[in-house]
Amino acid sequence: MRSRNPVFSRRGFSRDNGYAGFNTAPQAGGPAVATQANPYAQPTGNPYAQNPYAQTDLGAPQAPAAAGRMTIDDVVLRTGSTLGVLIVTAALSWALLPVDDANIGRSYGIAIGAALIGMVLALVQSFKRTPTPALILAYAAFEGVFLGVVSSVVDNRIADGAAMQAVIGTMATFAAVLVAYKAGWIRVNRRFVGFVMAASLGFVLLMMVNMLFAVFGGGDGLGFRSGGLGILFGVIGVILGALFLAMDFKQVEDGIAYGAPREEAWFAAFGLTLTLVWLYLEFLRLIAIFNSSD
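Residues 14 to 307 (my numbering) make up the sequence shown, in order.
Structural data, given as structure tokens:
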């Protein structure tokens, strides 16, 4: 099962490929299974045939079988750290980069530059074989600068309180999808992934075409960012973000179940951050459209 995030489509996060730490090749018809002896297996012989106290060398204590494997606590900790950096830089850019008439051009320039740098860092990390925490945190920092300026513009010039409403909407969506996923109301399978991938590809292509029409043709492009059509596409964007969250939860669950190494928790944090940023921006855009229509 693969996510739309390339960071989840690698070792440790794929149900189709066994993790190398199991020391076994994938078996035909199913995932690789560990060949280590079960430490809790019952003995087949007489348990009293040997004196367990007759050993003279106890040897070094063995590490737990799950040592070095990714856990949900690792994912939560790394995701919290990444989002923490993003929130701090967003708050700083909101406070230090004014969006009044005299300074909005400079603030926009800094925000666009930060967004481009963040996009490059995200692409570099997405195609790396191993996670680089410094790279992921740097992406979060630059993305935070961009979000801080954009949020300040919408909040101060279009809809007062829009940023907080977008945060609440993002948190509520995250909680709702998590509950629905854990309850089994959302089942992520190949058909689900195929539908989401196709829908997201079409959505992104339409947004790109709309942007090109707006840049070169002037006006609002194809009208995807205002009026009833803009609201419709905003709702679709939020729904896609929620579906991406379900896919990310599935990939994290599979990574833990199949023994992904602990370092892969940084990939999980990176992918979840990408999805949450998507959701936040879609909520912010939807709120701005609603208030512009009033």
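Beta carbons: idealized from backbone N, C-alpha and C, even for Gly.
C-alpha of L99 to C-alpha of V162: approximately 13 Å in a straight line.
As far as DSSP is concerned, R91 takes part in no beta bridge.
Collapsing the DSSP output to three states places P146 in a helix. A buried status is given to G157, since no fewer than 16 other beta-carbon atoms sit within 10 Å of its beta-carbon.
In the same chain as A278, and ignoring 5 residues on each side of it, the C-beta atoms closer than 6 Å to its own belong to M83, D87, V88, R91, in chain order. The DSSP-derived three-state label of R119 is helix. Across the set A108, D114, I149, the C-alpha of I149 shows the shortest separation from the C-alpha of L285. Of the residues R298, G118, P274, G215, the one whose Cα lies closest to the Cα of G81 is P274. A direct Cα-Cα distance of roughly 35 Å separates P144 from G118. Proximity of the stretch 287-300 to the stretch 181-188 meets the contact definition, three or more beta-carbon pairs being nearer than 8 Å.
The stretch 102-115 and the stretch 130-142 do not touch, with fewer than 3 CB-CB distances between them shorter than 8 Å. In this structure, the beta-carbon distance from V167 to A301 falls below 8 Å. F187 places its beta carbon less than 8 Å from that of L258. For R82, the secondary structure class from DSSP, reduced to helix, strand or coil, is strand. G131 is classed as buried because its beta carbon has at least 16 other beta carbons within 10 Å across all chains shown. Residue pairing by DSSP puts P274 in a beta bridge opposite R82. L292 places its beta carbon 8 Å or farther from that of V228. Nearest to L253 by C-alpha distance, out of M224, G215, N223, is G215. By the CB criterion at 8 Å, F283 and T95 fall inside the cutoff.
Annotation: F226 to F205 spans about 32 Å, alpha carbon to alpha carbon.
Residue state for I244 is assigned as helix, using DSSP reduced to three classes. Within its own chain, the residues whose Cβ lies closer than 6 Å to the Cβ of E276, once the five positions on either side in sequence are excluded, are P144, listed in chain order. In this structure, the CA atom of M210 is about 18 Å from the CA atom of V190.
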